[in-house]
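S.K.: When you line the sequence shown up against full-length UniProt numbering, it's residues 1 to 279, in that order. By construction, the Cβ of each residue, glycine as well, lies at the ideal position given by its N, Cα and C atoms.
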Amino acid sequence: MKVTVLVDNATLTDRYFLAEPGLSIHIEDGGTRVLFDAGYSGILVANARKMGIDLLRVDDIVISHGHLDHTWGLDALIRLHTEAILEGRERVEPTFIAHPDAFLTRSCDGVGEIGCHLSVEELFRHGKVLLTPAPLRLTENLVFLGEIERRFEFERTLPCGYVYTPDGIRDDTVVDDTALACKTPEGLVVMTGCSHSGICSIVEQAREVCNEDRVADVIGGFHLLDAPPEQMRGILDYFAEVRPAALHPCHCTDLAAKIALAKVADVRETGVGLHLEYG
Numbered sequence: 001m002k003v004t005v006l007v008d009n010a011t012l013t014d015r016y017f018l019a020e021p022g023l024s025i026h027i028e029d030g031g032t033r034v035l036f037d038a039g040y041s042g043i044l045v046a047n048a049r050k051m052g053i054d055l056l057r058v059d060d061i062v063i064s065h066g067h068l069d070h071t072w073g074l075d076a077l078i079r080l081h082t083e084a085i086l087e088g089r090e091r092v093e094p095t096f097i098a099h100p101d102a103f104l105t106r107s108c109d110g111v112g113e114i115g116c117h118l119s120v121e122e123l124f125r126h127g128k129v130l131l132t133p134a135p136l137r138l139t140e141n142l143v144f145l146g147e148i149e150r151r152f153e154f155e156r157t158l159p160c161g162y163v164y165t166p167d168g169i170r171d172d173t174v175v176d177d178t179a180l181a182c183k184t185p186e187g188l189v190v191m192t193g194c195s196h197s198g199i200c201s202i203v204e205q206a207r208e209v210c211n212e213d214r215v216a217d218v219i220g221g222f223h224l225l226d227a228p229p230e231q232m233r234g235i236l237d238y239f240a241e242v243r244p245a246a247l248h249p250c251h252c253t254d255l256a257a258k259i260a261l262a263k264v265a266d267v268r269e270t271g272v273g274l275h276l277e278y279g
């Protein structure tokens with residue numbers, strides 16, 4: 001299994017790619033290619049091209065949750081596919097996979113739309129769409145974790161604004177927040193978007209769904225920006241017990257959280273251009 005970071009808040013030193021507050025990760029497992037999130041502006045297209053990754057050959061486009069820094073780059077992907085069709089170039093029709101709430105309108109702090117501005121109906125014109133709250137196996141080893149059971153009181157946070165549903169407006173607790181997990185010979189590799197559902201809850205769900213207790217790595221956003229002390233204590237205790245072989249926190253994880261996590265785990269640098277291989 002191969003993992004390459006296409007979009008993050010920073011690039012690795014001496015890797016001359018574009019960065020932005022967002023996330024996108026390219027995954028290869030056997031012959032299956034998966035794009036996990038699409039970033040904010042579409043820089044993933046330029047970064048992928050420079051890395052020699054053909055986004056027209058991606059089988060599945062998985063959305064971790066509906067926020068703009070993970071979905072607005074879908075515009076660039078759709079343009080890429082549209083141009084390929086017009087120019088007669090080979091492409092794979094992708095399947096878009098997400099929780100059913102991922103494409104609802106959301107607002108926060110006076111901003112009218114912080115969610116994906118593409119509707120499910122629009123996505124259907126550009127590929128297949130599969131919305132499910134249940135875990136879904138993408139390959140023999142790679143699993144979409146579905147709606148995350150929120151297991152730890154110390155991870156509970158305030159709503160992120162409002163979400164507009166067919167039944168009305170409600171507080172947005174980001175129930176669509178999910179992740180991917182891959183079972184490798186070294187243990188689980190868990191890939192997260194922002195971990196609004198709680199990084200510990202995500203890892204626990206991955207261990208349960210994949211029937212594997214060993215954690216080889218967790219890479220992605222941990223949703224730890226100015227985290228309250230009690231939340232950090234709970235997370236540190238959890239990882240001290242689970243003992244992952246490595247952690248690659250990035251995107252929505254601040255320096256203070258990374259320093260704290262480094263006390264209980266092997267925290268490694270993450271940024272655009274990072275390439276990891278497992279098994």
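Which runs of the beta strand (DSSP E), 3 residues or longer, sit entirely within the region 115 to 149?
M.R.: The region 115 to 149 contains these whole beta strand (DSSP E) runs: 128 to 131 and 142 to 144.
S.K.: Using 10 angstroms around the beta-carbon of Ser41, count the other beta-carbons present and answer buried if the total reaches 16, otherwise exposed.
M.R.: The count along the sequence shown starts at 1 and reaches residue 41 at position 41. With 16 or more other Cβ atoms within 10 Å, it is buried.
S.K.: For the beta strand (DSSP E) holding Pro249, just list the boundary residues, first then last.
M.R.: Residue 249 sits at position 249 when you count from the first residue of the sequence shown. First-last of the beta strand (DSSP E) with Pro249: Leu247 to Cys250.
S.K.: DSSP on Gly110, reduced to helix/strand/coil?
M.R.: What you label residue 110 is simply residue 110 of the sequence shown in a count that begins at 1. Coil.
S.K.: Is Ala10 helix, strand or coil by DSSP?
M.R.: Position 10 of the sequence shown, counting from 1, holds the residue named residue 10. Coil.
S.K.: So, do the region 49 to 62 and the region 158 to 176 have three or more beta carbon pairs nearer to each other than 8 Å?
M.R.: Because the criterion of three Cβ pairs below 8 Å is not met, the region 49 to 62 and the region 158 to 176 do not touch.
S.K.: Would you check if the distance between the CB atom of Met1 and the CB atom of Val189 is smaller than 8 Å?
M.R.: Position 1 of the sequence shown, counted from the first residue, corresponds to residue 1. Position 189 of the sequence shown, counted from the first residue, corresponds to residue 189. Yes, the Cβ-Cβ distance between Met1 and Val189 is below 8 Å.
S.K.: Going by other Cβ atoms of all chains shown within 10 Å of its Cβ, with 16 needed for buried, is His275 buried or exposed?
M.R.: What you label residue 275 is simply residue 275 of the sequence shown in a count that begins at 1. So His275 ends up on the exposed side.
S.K.: Output yes or no for whether 8 Å exceeds the beta carbon distance between Phe239 and Leu261.
M.R.: Position 239 of the sequence shown, counted from the first residue, corresponds to residue 239. Position 261 of the sequence shown, counted from the first residue, corresponds to residue 261. Cβ distance < 8 Å, so Phe239 and Leu261 count as in contact.
S.K.: Please state whether DSSP places Leu180 in a helix, a strand or coil.
M.R.: Numbered from 1 along the sequence shown, position 180 holds the residue referred to as residue 180. Strand at Leu180.
S.K.: Rounding to the nearest angstrom, what Cα-Cα distance links Glu20 and Gly168 in this structure?
M.R.: Counted from its first residue, the sequence shown places residue 20 at position 20. Counted from its first residue, the sequence shown places residue 168 at position 168. One C-alpha to the other measures close to 33 Å.
S.K.: Hey, how far is the Cα of Arg151 from the Cα of Ser201?
M.R.: Along the sequence shown, one-based indexing puts residue 151 at 151. Along the sequence shown, one-based indexing puts residue 201 at 201. Taking the straight line joining both Cα atoms gives about 6 Å.
S.K.: Would you kindly work out how many angstroms separate the C-alpha atoms of Leu180 and Ile148, rounded to a whole number?
M.R.: Position 180 of the sequence shown, counted from the first residue, corresponds to residue 180. Position 148 of the sequence shown, counted from the first residue, corresponds to residue 148. Near 11 Å, if we compare the C-alpha coordinates of Ile148 and Leu180.
S.K.: Apply the 10 Å Cβ neighbour rule to Ile199 and answer buried if 16 or more other Cβ atoms are within range, or exposed otherwise.
M.R.: Taking the first residue of the sequence shown as position 1, residue 199 is located at position 199. The residue is buried, with at least 16 neighbouring Cβ atoms inside 10 Å.
S.K.: DSSP has Glu277 in a bridge; who is on the other side?
M.R.: Position 277 of the sequence shown, counted from the first residue, corresponds to residue 277. Glu277 pairs with Lys2.
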